[in-house]
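Chains as they are written, first to last, in the working numbering: chain A, 2 to 487; chain B, 6 to 482.
Rendered as C-alpha cells:
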C-alpha cells in the first residue's frame, strides 16, 4: 500500500471527502517524508511544520463543517520567490536571507482561501536565474532520481519535492523554462500558463514581462486542479488578463482524436541526444495511436529566441533588482564608507555570481547608445517569434517538442560555462517570449534511468487543451507513475 | 556686444488625487513620517503598480488646457537611478511615448503677448524626502511623498527673460489651480521649477552652453536666480571664459547660484518601457468628455471680464489670478452691478486684509453678499467711503453684516426729521448759487446737496429722508 505522501492531490481530495483520511494525517505523512529525505535532496529553503499542522487542523475543521473546497487540506510547497506574509521569502539569495514579507502574494492568498496547507518554501536558483538550482545561496537541490544530478531549475526545489514526495503539489515560476525544465528533469508534470493568466502580485520579479507562476504535480489531473485555483484576473496586477477561465478538470477526459499537432522543424533539427530523440519518437507514436495527426511547421525566428531572451530578461532584472540596496530590508554589508559604498558592498556581497552577471548584462544592454542595438532589437525579435507561433497555430491545435536538449546533467557540470547552461533552455525560452502556455510531462527515461520530459505548447489561454493532451498521454503511459527510490 | 538669454523651464506639479499614482495610499500632506505607505510605494519585493485613473484624467485636462496633442497610445518607462528616497531605485515616468506633446501657453509681458511652446506634459511618480541630521552624519527618509502623482511640464527654450519666466510660471500655476488638479504651493513643493539657461549674442541662432538651475522655491526666487545666472554667464563670456555645462543650486540667502555637479558625471537613466504596466490607450471619448469638463481658463475669463464688465485688463488679470477670487468678484457684481467699484474694493481693501491675515479667498470672512450690501450703502450715499472702510475692517474681523456694525458703532443714520431739516436748510443757505442754478432747472444738483448733507453728518444722514427734505425745502424757495 502507498503511503499518503505518494498519492496525487486529486486522489487525496477524494479520500478527504470520503473521510478515509484527514488533512492532518496527510500533512504529517508528508512532513515525515521531508524528515526522511530532505537532508539528501535539499528541496526546501524553509519548512514550517507547526504552521502546516495548524493549517491542516483548520482544513479538517472546514471539511468537517462541509465548507471544503476541491483542494482543502492538501499540502503544497511554494517557490521561495512568492511572498507569504510573515514567512521568510529569500529568493534563495543572501541579499534577502532575512526578508519576511509584510503581505501575501495573490497566489498565497488564493491558496489560503482554498484551505490548502502550505508546508514551506522550495529551493530555487537565486532570483530564479539558472537552469539547475545550483545558484541558490542555500546550496543546490539534488535530483531525486540520482543525487549526483541537478534537478533542473530554477524551480528545482518545487519539482524535486513533488518527485520525492516532499510535497503533494507545488507552485513554481517560469521565466524561460523554470517550471517545465525541472518538471522534465524530475519526472513530474509542470505547466507555465499564458502570461497574464496567473497574478504576479507578490511574485518577486526576475523579468516582469516573462515571469509566470504555474503548478507542478504528479499528473495532469492535479495540474488542472491547481490551475482552477490560481488562474484568474487580479486587479493588483496590471498585466493580469480579465477573462473567464474554464474549469480545467473538464478537459481531462476529452478525446484527442482528430487533433492536429505541429512539429516545428527548428526544434527537432537541433536534437542530438539519442535518448531525447527516442522519447520524442515514442511520444509521436502514442499520439498517433490516439488519432492525432501531425503537421510539419517552421518557426523561422526561433534561432534568435535565446539571444533575445538574454537581452530582455537581464535588462528587466537589472532594474527589478535595483531595490536590493541594503537601505530598507535584507542584507546590508557590515563595513562601508558612505552611502555609495554601502550600496556597492551590500550588493557585491549580497548577490551571487550569476545574478551579478545578469545585472551587468542588462545594465549594459539598456545603457544610452546601446538601447537601440540591444533592447529594442530584442523586443522586435520577440514580436517576430510571437507572430511565428501565431501563424503556426493557424495550422495546428498544439505544438509538440522536447523540453530540454538532454537528460539531467551532473551537479557542477555547467557552472563554469554559462553559455552551455543557457542552452539548456533553448526549447522552453521561445514559449515565454511569445507568452504562450507550455507544459512538460514525463515522456520516458534515459538509458541511465533519468527522466526525460516532452513539451506541449498551445495558443494563448488554451491551457485546457494542454490538460486534455497531457491527460490523454498519461492514460496511455506510466512514466508519470514511476517514483525514484530514495 | 548685446546678449540675450534663452530659458527653458521644467515644472513638476503634484496632482490633487486622493490616493497615490500606483497604490491606494493617501496623498495627505503632513502625516507622521512613513505613515502614508504600503508595500507597493515602499517598493517591497514582488509588488506591482496599478495606475490611478484620476491621475491620468488630471494630466489629460492639463494637456488640453495647454493646447497639447494627446497621444492616444502612450506608456510608462522606468527611469533608473539609485537614491535612498526612491525605494525601487527607479522612478516610474514617461519617456519615449508621453501622454501629451506640442502645446503652448500665452503670456502677457511688458512687450505684449508671447506664446511659449510646451515640448511635453507627462505623468510620473514623486520620490520621498531625505531629512539630514544636523549633528550626526545620518540621514532619515520619509516615504510619505513617494508615489504621489506628478506631472512634468517641459517648455521649449522660448523664454527670453526672468520676467517672462515668472509670467509663464504664474500662468501655468493659475491654469493648474483653475483645473483643481494642483494646489500650486511652491513653498511646500507641490509646484516646483527647474530651469535651463544659456545666453548668446543677440541675433545669433545657435544656442550657447546651458546650465541647469535648481532649488528655486518661489516665483521671486526663480526670477532672481535666473537674473543672477544670466548676468554670471554674460560676464564670463565677456571675459572670454567658457561656460561649464553643470547643475547649479540657487541660494535664496545670497541670491546667487553655485555649482552642484558637473554634467560630465550625468546619470545614464537607462530608460526602458515599464513591463509591469500595460501601454495606455487614451480613448478619444475620454478626451472629449474631459474637454467638455474644462472650466473657463484664466485667459478666457480675463478677456470676458474686460468685455463684459468693462474693467481694465490689469484689474481683470488680478481678479482672475485665482478661480475663487474671480468667482467672488462675479457673485458680488451680480448682487451689486457696478463692476469697477467692486473690483476697486476687492483689489484694495479685501486683498490688503487677505494678504495681512494670510487668508485665502475661500476662507474670506466677508461673503460676496455682505460685500455687495456694504457697497450698496456706500453707493446710495448712506455711509461715506471713509466710514465704509471702518465698517469693512470690522466686518472682516467679526464676520458681521455691515448694517449690524453700523448700528452697534453708532454709525446709524440720522433719521430725525427736525435735525435733518435744520441741516438741509443750512446747506442750502451756504450754497446760494447752486440753489439758483437748481431752480433754473439744473435738477442734477440734487446729488450735490445730498452730498453736502452727508458731509456735514459724516455720512450718517438717512439718504431717503435727506432727498425728501431737500426737495421740499427747495420747493419752498
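Don't be surprised by glycine CBs; every beta carbon is placed ideally from N, CA and C.
The structure presented is a predicted model; accordingly, all values stated were derived computationally and were not measured.
Item, Value
"8 Å Cβ shell around residue 42 (chain B) - same chain, five flanking residues per side excluded", "30, 148, 149, 151"
"Residue 201 (chain A) - DSSP class collapsed to helix/strand/coil", "coil"
"Three-way DSSP call (helix, strand, coil) for residue 2 (chain A) in this model", "coil"
"Euclidean distance between Cα positions of residue 219 (chain A) and residue 39 (chain A)", "19 Å"
"Collapsed DSSP secondary structure at residue 269 (chain B) in the structure displayed", "At residue 269 (chain B), the pLDDT of 47 sits below 50, so the modelled position is not reliable; the number obtained from the coordinates is stated separately. Note: residue 269 (chain B) maps to helix in three-state DSSP."
"DSSP-derived helix/strand/coil call for residue 99 (chain B)", "coil"
"Any 3 or more C-beta pairs closer than 8 Å across the stretch 109-117 of chain A and the stretch 69-89 of chain A", "yes"
"Test item: CB-CB of residue 128 (chain A) and residue 152 (chain A) under 7 Å", "no"
"Beta strand (DSSP E) runs wholly inside the stretch 205-271 of chain A, at least 3 long, in chain order", "214-218, 261-265"
"Reference residue 50 (chain A); option with closest CA among A:41, A:459, A:26", "A:26"
"Those residues which DSSP pairs with residue 456 (chain A) across a bridge", "A:402, A:441"
"Contacts around residue 485 (chain B), its chain only, beta-carbon distance under 7 Å, and the 5 residues preceding and following it disregarded", "This structure gives no information on residue 485 (chain B), because the portion of chain B shown stretches from 6 to 482."
"Residues that residue 192 (chain A) bridges to, as DSSP identifies them", "A:440"
"Neighbouring residues, chain B, relative to residue 203 (chain A) (Cβ below 8 Å)", "51, 52"
"Unbroken beta strand (DSSP E) run spanning residue 198 (chain B), endpoints", "196-206"
"Minimum Cβ-Cβ distance from residue 169 (chain A) to chain B less than 7 Å", "no"
"First through last residue of the beta strand (DSSP E) which encompasses residue 311 (chain A)", "Looking at the DSSP string, residue 311 (chain A) is not in any beta strand (DSSP E); the run it does join, the alpha helix (DSSP H), is 306-321."
"Neighbour list for residue 93 (chain B) in chain A, Cβ cutoff strictly below 8 Å", "323, 324"
"CA nearest to the CA of residue 2 (chain B), picked from B:196, B:215, B:413, B:216", "An answer regarding residue 2 (chain B) cannot be provided, because it is not within the stretch 6 to 482 covered by chain B."
"Within 8 Å of chain B by C-beta, residues of the stretch 354-370 of chain A in sequence order", "364, 367, 368, 369"
"Within chain A, partners of residue 108 (chain B) - CB distance below 7 Å", "Chain A residues near residue 108 (chain B): none, gap ~27 Å exceeds 7 Å."
"Entirely enclosed beta strand (DSSP E) segments - the stretch 244-321 of chain B, minimum 3 residues", "251-256, 261-267"
"Entirely enclosed beta strand (DSSP E) segments - the stretch 325-373 of chain A, minimum 3 residues", "none"
"Reduced DSSP category for residue 454 (chain B) - H, G, I as helix; E, B as strand; rest coil", "helix"
"Cβ contact (3+ pairs, closer than 8 Å) linking the stretch 131-141 of chain B and the stretch 173-185 of chain B", "no"
"Under 7 Å between C-beta atoms of residue 173 (chain A) and residue 217 (chain A)", "yes"
"For residue 205 (chain B), the nearest candidate out of B:456, B:434, B:12 (CA to CA)", "B:12"
"Neighbour-count burial assignment, residue 388 (chain B), 16 or more Cβ in a 10 Å radius", "buried"
"Cβ-based burial, residue 157 (chain B) [other Cβ within 10 Å; buried from 16]", "buried"
"Residues in the stretch 70-103 of chain B having any Cβ partner in chain A nearer than 8 Å", "83, 85, 87, 89, 92, 93, 94, 95"
"Where the alpha helix (DSSP H) containing residue 128 (chain B) begins and where it ends", "Unbroken run through residue 128 (chain B) is the beta strand (DSSP E), 117-130; no alpha helix (DSSP H)."
"Residues from the stretch 270-299 of chain B in contact with chain A, defined by Cβ distance under 7 Å", "273, 275, 277, 280, 281, 282, 283"
"Three-way DSSP call (helix, strand, coil) for residue 17 (chain B) in this model", "strand"
"Where residue 403 (chain B) falls: helix, strand or coil (DSSP)", "helix"
"Residues of its chain near residue 269 (chain B), where Cβ-Cβ distance is below 6 Å and the 5 sequence neighbours each way are ignored", "Any answer about residue 269 (chain B) is weak, because its pLDDT of 47 lies below 50 and its placement is not dependable; what the coordinates show is given next. For residue 269 (chain B), where only same-chain residues beyond five positions count, there are no Cβ hits under 6 Å."
"CB contact below 7 Å: residue 143 (chain B) versus chain A", "no"
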